[in-house]
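Start counting the sequence shown at 0; every next residue gets the next number (numbering that gives the first Met the number 0). Input: a single structure, listed below in C-alpha cells.
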Amino acid sequence: MSEAVTPQLAAGEKHSVAPHSDGTVYAWGDNTFGQLGTGQSGAGLFSGLPVRVKGLTDVVAIAARANHTLALRADGTVWGWGQNEWGVLGDGTQNRSSPTCSSDESNGCGGDCDRSVS
C-alpha cells in the first residue's frame, strides 16, 4: 500500500479497513470471521500489515462494525464480508471471507448484485 490513501478509515472490534485512492480496499487485524476479505477465515488468523481485500474495486466509502465490513462501490452496490450474525451482510448467508454483493430476490431483485444505495 503506497501513500496514496484516501482520508477515510473504519475500525471494527479487532480489525481496521482503509480505501485506497485507486478504489481498492486494504484491511488488517483479526480475521477470525473473514473480516479482512482475503478469502480465508479462522481462529488465530490475523494480519499485522495491510492486505488488499480480494476482488473489490471502485470503492467510494467503507464502514466496519464488530466483525464485518461493508463497502459502497461507485455504481451504488453494497458489498459485505466477515461475520454475518443477524444478517448484517444483507445476502442471506453465513459468514463471508470475501466481499459479496448484497441482493434481495424477495423484493424482486434478481441476479448477482442488485441492491444499491443512492
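Each residue gets a CB set at the ideal place from its N, CA and C atoms; glycine is no exception. Source: prediction; values computed, not measured.
Bridge pairing for alanine 60: Leu71 [DSSP]. Take the alpha-carbon of serine 101 and the one of leucine 71: they are about 11 Å apart. Using a Cβ distance threshold of 8 Å, alanine 63 and histidine 14 count as a contacting pair. Under the three-state reduction of DSSP, glycine 86 is assigned to helix. Judged by beta-carbon spacing, tryptophan 78 lies beyond the 8 Å limit of valine 50, meaning their Cβ atoms are not closer than that value. A check of alpha carbon separations from glutamine 82 across Gly75, Gly54, Asp74, Leu35 identifies Leu35 as the nearest. Here the alpha carbons of glycine 11 and alanine 17 stand approximately 12 Å from one another. Assigned with DSSP and collapsed to three states, alanine 10 falls in strand. CA-to-CA, the gap between alanine 65 and threonine 56 works out to about 23 Å. The beta carbon of alanine 73 sits closer than 6 Å to those of Asp57, Val59, all from its chain and outside the five residues before and after it, given in chain order.
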